[in-house]
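S.K.: Take the position in the sequence shown, starting the count at 1, then add 87; the result is the number in this note's numbering.
Glycine included, C-beta positions come from ideal geometry on N, C-alpha and C.
Remember, it's a predicted structure, so these values are computed and weren't measured experimentally.
Structure provided below as structure tokens; questions to follow.
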Amino acid sequence: MENLAVYHGPIGKEEGERRLGQDGRDGCYLVRDSDSVPGVFCLCVLCKGYVYTYRLHKDEAGSWAAETTPGVQKRYFRHIKNLIAAFQKREQGIAMPLLYPVTAQRRAQTHTEKQTSGNGLSPTLGNHSPCAPEQKSRSKKEVAQAFG
């Protein structure tokens, strides 16, 4: 996991939300350690001011899966990078596609400091799917308070 550019380690829920809030773009995402379940990771994505969190875990066979919207069939991937690539597409059981990686190296950069198109953070989709408000972990006001 340490070799994954979007992996931020044991930063906690609030810090993860702050980092996504600093970026501020719908579809920005990162991976962090779970606060509550040892050995489990969280995929966090920002959508309309809310941070949606999905648990990532490895099964006994070494395949990765994400806990997504109820009713969406769970998919397994040999590598975490493949899971992330799959969730860059629409309608995969998460609030919106993963569009802008918030890498550990860029984590302190704020939305106002964003570079031009040469920053390596090009969107993977032109049109975003709508967010699913029933999956939010914090209110828009709470996220705003956490980072500003």
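Rounded to whole angstroms, how far is the Cβ of Tyr163 from the Cβ of Ser150, which I believe are closer than 8 Å?
M.R.: On the sequence shown, position 76 is the one that residue 163 refers to. On the sequence shown, position 63 is the one that residue 150 refers to. Their Cβ separation, rounded to whole angstroms, is 4 Å, which keeps Tyr163 and Ser150 in contact under 8 Å.
S.K.: What's the C-alpha gap between Leu133 and Leu117?
M.R.: Numbered from its first residue, the sequence shown carries residue 133 at position 46. Numbered from its first residue, the sequence shown carries residue 117 at position 30. So the alpha carbons of these two residues sit roughly 9 Å apart.
S.K.: Can you find the residues in the same chain that come closer than 6 Å, C-beta to C-beta, to Tyr94, ignoring five residues on each side of it along the sequence?
M.R.: Here the question's residue 94 lines up with position 7 in the sequence shown. Apart from the 5 residues on each side of it in sequence, Tyr94 sits with its Cβ closer than 6 Å to the Cβ of Met88, Val118 in its chain, given in chain order.
S.K.: With a threshold of 6 Å on Cβ separation, who are the neighbours of Lys161 within its own chain once the five nearest residues in sequence on each side are excluded?
M.R.: As a working note, residue 161 is residue 74 in the sequence shown. Closer than 6 Å at Cβ, skipping near neighbours: Ala152.
S.K.: Cα-Cα, which of Gln192, Phe128, Ile181 is closest to Asp113?
M.R.: Working through the sequence shown from its first residue, we reach residue 113 at position 26. For Asp113, the nearest C-alpha among the options comes from Ile181.
S.K.: In terms of residue numbering, what span does the beta strand (DSSP E) encompassing Arg119 cover?
M.R.: Reading the sequence shown from its first residue, position 32 is the one you call residue 119. Residues 115-120.
S.K.: Please state if the CB of Tyr139 and the CB of Cys129 are separated by a distance shorter than 8 Å.
M.R.: Indexing the sequence shown from 1 puts residue 129 at position 42. Indexing the sequence shown from 1 puts residue 139 at position 52. Taking the C-beta atoms as reference points, Tyr139 is found no nearer than 8 Å to Cys129.
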